[in-house]
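Residue numbers (full-length UniProt numbering), protein chains in the order written: chain A, 1 to 325; chain B, 1 to 325; chain C, 1 to 325; chain D, 1 to 325. The C-beta atom is built at its ideal place from N, Cα and C for all residues, glycine as well. Predicted model only: the values in this text are computed from it and were never measured. So the structure is just underneath, and the comments pick up after that.
Number of protein chains: 4
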Amino acid sequence: MKYPFDETKKYDVIAVGRACIDLNAVEYNRPMEETMTFSKYVGGSPANIAIGTAKLGLKVGFIGKIPDDQHGRFIEQYMREVGVDTTQMVTDQDGHKTGLAFTEIKSPEECSILMYRDQVADLYLEPNEINEAYLKKTKALVISGTALSQSPSREAILKSVQLARKHDVTIVFELDYRPYTWKSAEETAVYYQLVAEQANIVIGTRDEFDMLENRGNGENTATVVALFRHAPELIVIKHGVEGSFAYTKSGETFRGKAYMTKVLKTFGAGDSYASAFLYALIKGESIETALKFGSASASIVVSKHSSSEAMPTVLEIEDLIAAQV
Amino acid sequence: MKYPFDETKKYDVIAVGRACIDLNAVEYNRPMEETMTFSKYVGGSPANIAIGTAKLGLKVGFIGKIPDDQHGRFIEQYMREVGVDTTQMVTDQDGHKTGLAFTEIKSPEECSILMYRDQVADLYLEPNEINEAYLKKTKALVISGTALSQSPSREAILKSVQLARKHDVTIVFELDYRPYTWKSAEETAVYYQLVAEQANIVIGTRDEFDMLENRGNGENTATVVALFRHAPELIVIKHGVEGSFAYTKSGETFRGKAYMTKVLKTFGAGDSYASAFLYALIKGESIETALKFGSASASIVVSKHSSSEAMPTVLEIEDLIAAQV
Amino acid sequence: MKYPFDETKKYDVIAVGRACIDLNAVEYNRPMEETMTFSKYVGGSPANIAIGTAKLGLKVGFIGKIPDDQHGRFIEQYMREVGVDTTQMVTDQDGHKTGLAFTEIKSPEECSILMYRDQVADLYLEPNEINEAYLKKTKALVISGTALSQSPSREAILKSVQLARKHDVTIVFELDYRPYTWKSAEETAVYYQLVAEQANIVIGTRDEFDMLENRGNGENTATVVALFRHAPELIVIKHGVEGSFAYTKSGETFRGKAYMTKVLKTFGAGDSYASAFLYALIKGESIETALKFGSASASIVVSKHSSSEAMPTVLEIEDLIAAQV
Amino acid sequence: MKYPFDETKKYDVIAVGRACIDLNAVEYNRPMEETMTFSKYVGGSPANIAIGTAKLGLKVGFIGKIPDDQHGRFIEQYMREVGVDTTQMVTDQDGHKTGLAFTEIKSPEECSILMYRDQVADLYLEPNEINEAYLKKTKALVISGTALSQSPSREAILKSVQLARKHDVTIVFELDYRPYTWKSAEETAVYYQLVAEQANIVIGTRDEFDMLENRGNGENTATVVALFRHAPELIVIKHGVEGSFAYTKSGETFRGKAYMTKVLKTFGAGDSYASAFLYALIKGESIETALKFGSASASIVVSKHSSSEAMPTVLEIEDLIAAQV
């Protein structure tokens, strides 16, 4: 089964939300207290997806707010150079900084992130900075949940959803739940539900769907039944090493397996999954193939040092799929 | 034509949002600088509608947050005594105060309000303070736009809307636009549109519908066409002394005229309109009759000193309608 | 013993800080929940002292910030009409409101105040709104502790103190401690001590001096010994109905008794005390006489309905002193 | 001429204020956009002075607040290992982060810093976290101006000053002006003046003294005359490559020259100057010698990659002084 997109649109994917800086431990397999050097990469879920899909060959645009400083300029330049259209990246004029993520890699099983997310530029994107003429030109609009966590970014995203629906743009909601900046589980659930009900494709881990439903130990069938009463047509629920499930409104279920790899760290798995899954879907591949692409892409990224820079090519993905039939 | 309600529900109306204090000039027809004495009344659009519908004989409940002080206790007591169920009024524990509205009545044409709305208790209603078991027991849930202007009240209202839809409660959205506390016209439009699209009945002045659409000089036909693509079934647009229009999804239009009166001040007109309009609708009267009830009730309140205390009885309304056939 | 002032100065007293609105219960001897009408007066400790000293015949100026609304204009007008120079009252341009104090008079022993002090204009006085050329023209600068409770008013006061010391203006520090707006007892003590050490005359209740020392049950001798190491020359500690004590740096102690009266409420006692005490001191009376003036003035105000309007004349004070020798 | 200290005290120096993280460009002589790797060091003026004086052999303590994260633990560990007593470093419990300074070294003349200073832990030091019993045990208390820029750190510093004066601890005020976090030049001047008037030794650049006086192009003589009316006994004004001047209350003036070096970057010059100047003074050297120590130490640090790690030993300083007689 395939998922149809409007082929007349100029862009394949426009992602909206945060673009930040990752500072990855150069010396790893140790606590961060003992890490003395950090490498700089572009990070943030929607930026990673924009970079990932651009590297796979899609036509990609990005809407977001970056600071007027060296980090902001680095982000814009890097994304532009990998092929992302950055004409809709707005420069913050109020002194907000880019978010930072210092990664700590004690072992493949023990990774953590030290986050700087106070007053970050990406959460200051304003609704009037969303360009309707631009947004309507894409097949898919990728929204990440974190952009809903604070005003005015929250309203910019809600407006993007209203415009996307008005212009029949496929809304892809990548739940991307991060506890920081949200005030409460109740607040998270209100906005996750609001946007999920209006999205066409919803992607997340089982834990993230539990946040959406504001409960623990949710069950996939109940989740998809509730969401299929509204706009969603395709729902992907990821269960880590047990693989992922895709549900369609017409009643089909597909299961994708996880690919084996030598794990260096767990960061970046979700973004590389979403990139390759979307790539396959937009290229007209079946949902089964898209699930394979997503899983293989995730496997490749977790074996490497960065999240954005490590985004694989189509060939790398196809090779891994072929090698682990 | 009549509007159907679920007759098995325990309450006719539950209003959610702010309940405040009006301080009305005792000496009027002068600038407030020369007013030396003020009378205290309960105020705030949803509180006024709860009081107005209760005085008309409906079964009414109220959900809101009041301060833990003398003003808060006065509000709860007053509403309880006119027959509103106040068991869901939550007492704020964080030192927030009730909003205040000092009214200035220079002349019937020149009225203004001096507002105290910083850190007011009503805007601190939390989503987890919305009781699903209670909310589902009403025919109609009345939401006022001002409650959307700030978090966490905003999320409490969005959650109320989600619960009302889940339990087939008719959502009545009284736009009730007040500039204070909103950050921008863009922000207002995002939330007004979001809730209006999910409401069953939307009531507002032409100016308020312009806020919803974030434009000037909107036109009724375009407004109702856009909203009827979503949940709304009945839309009432008020044009002041030129009367009001009711539009139904099935394509009918009804016009209500304004009743003549000796105007003392303009405050309270909208709330008394909504109260009597809803009363008639819930009592099974036709939309034409409901429009008459709304207009007549508004006429009565603008001729009196307060907004809440002045809410008319059914007999007063019927007398005025009969007198100005 | 007399306290010397610089007789070449144009003003006797300039007070700096808050000018607010008191809303006094018209129906009293009951809980505020049952009070339905409120009378409007100018209030706030430094405004009351400006009004009180002006009514006693001194040349008085006021520095403070008022809102650009009906309450702000009323305050300026009222103070101007009782003779206070209001040319240094700045109008707030950022939408801040005037503080409000709703008084509850259950009985002479049970009085309380319901305060509105969020984002009030008086606490937004900026240091660059202090006019050095104006400030240096007064014999005495009256500072009230509450103005130290928040920035930028705090910095405006600290700058006033620096300018007053530079120009040999006598600094009168009326502790006027109010719990609201202060974040902690530690914070209060830091600024109270800082300003008290630089003031020439310090006036407060025993409880207020305990706040300054951040302890309970302080003892007058220890208090004055510690402060006399710094700038203070005259310290007045009030003990309610037990009377008040004045201590001089040269080692003298004076005791003033309280005057009997029919108490209506307790509000306004401190401000009327300070007004009449300062009046006597500036007029060249002895400290003993000043203590009598202060106590008599306080007795008169607590027997009346307002704090500002009720400020007595010299004749009233002298009559009471004569009647209770 | 020598400056006397109380030789009975346990510590030579206690510094209070910020301890942060410097992230220094590994690849330099280029814009930061092109720097891909950063080295981590402890930074922040008072932390640098604590480290600098400890490395010179003084007995040093530090009072400050660090986050409960990997960066916080690194800071504490590093300072402890170079010999600073860290028992008074408080761990923040409210999620505040450590400040960050990304350094950009385009050329020795073009250095800039990208600062992360929103909600940083060091500015949340509370007055009740200042331990009187500890603070009174030092010869000198080093205060840096930045700690005055925000509450509650501001009040913690003001309280430290009050306690230091009470216990005859020499207060060294290093102006250390940084524009971020201060709201206005007026606000800065109010607090700089307040603390400078109570300090015994004041050290800063000419520009920083201009901030204190809230003017441009100030002149040293006027500056020292004004401050010597209050507590200060020794004032050091630095004029960059033109050298520095030390003024004593007794009327002497000393001039120190700058030492030649191969400059890599300008960061850290002030902190290394203060460290070595204080070291010499406390060791009983003359003011002339202390000026040499300060200048030589600054020269050494600007020729190296970090600020803290690069702090020189006594031998290195003496060698440079000997080499450039």
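Leu-158/C and Met-36/C have their C-alpha atoms spaced approximately 41 Å apart.
Under the 10 Å beta carbon count, Ser-250/A is surrounded by fewer than 16 other beta carbons and is classified as exposed.
Taking Tyr-28/C as the centre and dropping the five residues before and after it, the same chain places the C-beta of Ile-105 closer than 6 Å to its C-beta, in chain order.
DSSP, read as helix, strand or coil, puts Ile-130/B in coil.
Excluding sequence positions up to five before and after Asp-68/A, its CB lies within less than 7 Å of the CB of Thr-91, Asp-92 and Gln-93, all in the same chain and listed in chain order. For Gln-70/C, the nearest beta carbon of chain D is not closer than 9 Å to its own beta carbon.
Scanning chain B for C-beta atoms nearer than 8 Å to the C-beta of Gln-193/A yields Gln-162, reported in chain order. By the C-beta criterion, the stretch 166-178 of chain B is judged to be in contact with the stretch 194-201 of chain B, since at least 3 inter-stretch pairs fall below 8 Å. Counting C-beta atoms within 10 angstroms of its own C-beta, Asp-271/A has 16 or more neighbours from the protein chains shown and is therefore classed as buried. Remark: C-beta atoms of Ile-49/B and Asp-122/B do not approach each other more closely than 9 Å.
In this structure, Ala-15/C sits near Ser-144/C, with a CB-CB distance shorter than 9 Å. The continuous alpha helix (DSSP H) containing Thr-221/C extends over residues 220-228.
The beta carbons of Lys-139/C and Asp-6/C sit about 6 Å from each other, so the pair counts as a contact at 8 Å. Taking the Cα positions, Lys-10/B is about 8 Å away from Lys-59/B. By the 16-neighbour rule on beta-carbons within 10 angstroms, Val-84/C is buried. About 5 Å separates the beta carbons of Glu-126/A and Pro-152/A, which is inside the 8 Å limit, making them a contact pair. Look at Ser-244/B: its C-beta is not under 9 Å from any C-beta on chain A.
In its chain, beyond the 5 residues on either side, Leu-141 and Ile-171 have a beta carbon closer than 6 Å to the beta carbon of Ala-164/C.
At a cut-off of 9 Å between beta-carbon atoms, Thr-35/A makes contact with chain D. The CB of Met-32/C comes closer than 7 Å to the CB of Gln-70 in chain B, given here in chain order.
Short of 6 Å from the beta carbon of Trp-182/D, and not among the five residues preceding or following it, lie these beta carbons of its own chain, in chain order: Ser-149 and Thr-188.
Per DSSP, the unbroken alpha helix (DSSP H) holding Ser-275/D starts and ends at 269-282. Here Phe-267/D really is in contact with Ser-307/D; their C-beta atoms are around 5 Å apart, less than 8 Å. Excluding the 5 residues flanking it on each side, Asp-168/C has same chain C-beta neighbours closer than 8 Å at Asp-6, in chain order.
Within the stretch 7-76 of chain D, the alpha helix (DSSP H) runs of at least 4 residues that lie entirely inside it are, in chain order, 45-55. Within the stretch 190-259 of chain D, the complete beta strand (DSSP E) runs of at least 3 residues fall at 201-205, 234-238, 244-248 and 253-256.
Short of 8 Å from the beta carbon of Phe-74/B, and not among the five residues preceding or following it, lie these beta carbons of its own chain, in chain order: Ile-21, Lys-40 and Val-42. Assignment of beta strand (DSSP E) within the stretch 109-196 of chain C, counting only whole runs of 3 or more residues, yields 110-116, 138-144 and 170-174 in chain order. Residue burial is scored here from C-beta neighbours: Arg-215/D has fewer than 16 other C-beta atoms within 10 angstroms and is therefore classed as exposed. The CB of Pro-67/D never comes closer than 8 Å to any CB in chain C; the least such distance is about 21 Å. Residue contact with chain C for Asp-22/B: absent (no Cβ-Cβ distance below 9 Å to any residue of chain C). For the stretch 175-192 of chain A, residues whose beta-carbon sits nearer than 7 Å to a beta-carbon of chain B comprise Glu-186, Glu-187 and Val-190. Interface residue (Cβ-Cβ distance to chain D less than 9 Å): Asn-128/C is classified as such. Taking C-alpha positions only, Asp-207/D is separated from Leu-135/A by approximately 50 Å.
Taking the beta carbon of Arg-80/A as reference, no residue of chain D falls within 8 Å; the closest one sits roughly 12 Å away. Here the alpha carbons of Tyr-78/D and Ala-47/D stand approximately 11 Å from one another.
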